[in-house]
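Numbering (the numbering used here), first residue to last: 4 to 257. Here the structure comes first, spelled out in structure tokens, and everything after it is commentary.
Okay, here's the thing in structure tokens:
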């Protein structure tokens with residue numbers, strides 16, 4: 004489109020605003036189909052206006068609110084529409100609201116026991132706003148999900164050394180501790196991160212990098228406040244790790 008003059012820009016924005024306000028009025032009256040049409044018209048005809056991102060957010064709100072007006076899964080569609088705001092308008096000031104709304108939808112699926120769907124939504128929400136009000140809780144929940152999944156995995160293609168199973172757990176716990184070190188679950192996170200390396204520690208005749216990392220993490224955890232409840236388990240696992248590392252060194256020496 005041609006470059007608009009200042010006067011044309013004002014008219015352009017005014018038309019977009021009128022449509023947006025009309026959509027809001029319909030939404031307030033719970034006339035969701037009409038609201039959606041008005042919002043979509045803003046996006047289609049006035050994408051470069053000051054109201055396009057707000058209209059896209061309004062579409063997502065319609066799907067999130069209109070529980071019985073559409074035959075498909077409204078919550079998942081709402082999540083996708085919120086993500087459209089983030090993808091199409093990466094500089095929008097609505098990003099914190101987008102992430103919070105997505106977290107709410109993630110919680111909806113989590114409470115239903117549909118954790119795979121919840122996890123996919125949580126990951127997108129954290130990409131959109133990593134330091135939102137509930138971002139830390141979501142990050143630690145995400146980390147715990149991957150840890151439990153890896154620890155209890157019974158699949159056909161389970162790695163013999165489990166590295167591939169614990170990759171996400173290690174990554175997410177590192178992100179959690181780096182971004183939210185003072186969270187109430189930080190000590191548990193450090194313990195489980197050390198366990199992730201413990202479970203992926205290879206036999207003495209293989210590379211001992213994960214063994215060394217597990218030892219280092221358990222040693223650091225030993226000095227943490229509130230780590231006393233893990234003390235016995237840490238002692239037991241440290242003994243195993245030291246013995247394995249010692250055997251590796253001894254065999255190499257031989």
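The C-beta atom is built at its ideal place from N, Cα and C for all residues, glycine as well.
What residue from the options has the CA that sits closest to residue i's CA?
i           : options               : result
residue 110 : 9, 145 and 93         : 145
residue 122 : 132, 78 and 148       : 148
residue 11  : 35, 219, 187 and 51   : 51
residue 94  : 27, 218, 131 and 174  : 131
residue 41  : 27, 53 and 201        : 27
residue 251 : 221, 222, 192 and 215 : 215
residue 197 : 83, 150 and 24        : 150
residue 207 : 247, 129 and 30       : 247
residue 201 : 244, 222 and 119      : 244
residue 87  : 240, 57 and 119       : 57
residue 48  : 33, 167, 29 and 20    : 20
residue 227 : 143, 184 and 44       : 184
residue 204 : 120, 225 and 167      : 167
residue 177 : 220, 209, 211 and 13  : 220
residue 133 : 186, 9, 99 and 238    : 99
residue 18  : 29, 32 and 46         : 46
residue 182 : 137, 225, 113 and 116 : 137
Pop quiz: residue i and residue j are said to be a contact at Cβ under 8 Å. What is the actual Cβ separation, rounded to whole angstroms?
i           : j           : result
residue 97  : residue 60  : 5 Å
residue 141 : residue 125 : 5 Å
residue 190 : residue 236 : With 8 Å as the limit, residue 190 and residue 236 do not qualify as a contact, their Cβ atoms being about 13 Å apart.
residue 78  : residue 105 : So it is not a contact: roughly 10 Å between Cβ atoms.
residue 139 : residue 92  : At roughly 25 Å, the Cβ-Cβ gap does not stay under 8 Å, so residue 139 and residue 92 are not in contact.
For residue i, does the three-state DSSP call read helix, strand or coil?
i           : result
residue 133 : coil
residue 107 : helix
residue 222 : helix
residue 61  : helix
residue 68  : helix
residue 184 : coil
residue 231 : helix
residue 36  : helix
residue 7   : coil
residue 31  : helix
residue 95  : coil
residue 115 : coil
residue 43  : helix
residue 209 : coil
residue 204 : coil
residue 77  : helix
residue 290 : Because the chain is modelled from 4 through 257, residue 290 falls outside the range shown and cannot be assessed.
residue 155 : coil
Just to check, is the beta-carbon of residue i closer than 8 Å to a non-hydrogen atom of the ligand ZN?
i           : result
residue 126 : With respect to the ligand ZN, the structure offers nothing, as it holds no ligand at all.
Taking the CB atoms as reference points, tell me whether residue i and residue j lie closer together than 9 Å.
i           : j           : result
residue 67  : residue 81  : yes
residue 38  : residue 65  : yes
residue 69  : residue 84  : no
residue 174 : residue 192 : no
residue 152 : residue 172 : yes
residue 255 : residue 241 : no
residue 1   : residue 188 : Only positions 4 to 257 of the chain appear in this structure, which leaves residue 1 out of reach.
residue 16  : residue 53  : yes
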